[in-house]
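Scroll down for the structure; my scribbles are underneath it.
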Amino acid sequence: MGLFMVSYDLIKNKDYKKLLTEIGRMNSRKALASLYLMNVDGTGKDLKDHLAQYIDDDDKLMVIEFTKRPNFTKANDGTNKWLDENL
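Spelled out as structure tokens, the structure:
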């Protein structure tokens, strides 16, 4: 299992449903408005390639692997618990 931060910018159509449905189906936690923490099998490239199927050609997607607890201020409720359970 790998721990990843996934962030996105959906440009013209702002069609969030496909991407958010797929992220929600996986072991994830919404930490900020467009940033999710995910614990999934595979590499960052694997995850990026998989999620890229759910965005439009003009959208942006970034996947960052992490191994240490991220530093943050005021993430969404449940973020600390998710990190405790997955780190």
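Note that the numbering used here has the sequence shown beginning at 1, numbered continuously upward.
Every residue gets a Cβ at the ideal spot worked out from N, C-alpha and C, and that includes glycine.
{"Query": "Within 8 Å (strictly less), CB to CB, does Lys68 reach chain D?", "Result": "In the structure shown, chain D cannot be found, because there is only a single protein chain."}
{"Query": "Who are the Cβ neighbours of Lys12 in its own chain at under 8 Å, not counting the five residues just before and after it?", "Result": "Asp56 and Asp58"}
{"Query": "For Leu37 versus Arg29, is the C-beta distance shorter than 8 Å?", "Result": "yes"}
{"Query": "Which same chain residues, not among the five before or five after Tyr16, have their C-beta less than 8 Å away from its C-beta?", "Result": "Leu10"}
{"Query": "By how many angstroms is the C-alpha of Ala52 removed from the C-alpha of Met87?", "Result": "The sequence given here has Leu at residue 87, not Met. Cα-Cα distance, rounded: 25 Å."}
{"Query": "Per the DSSP calculation, Ile64 is bridged to which residue(s)?", "Result": "Met5"}
{"Query": "Among Thr79, Thr67, Asn76 and Glu22, which one has its Cα closest to the Cα of Phe4?", "Result": "Thr67"}
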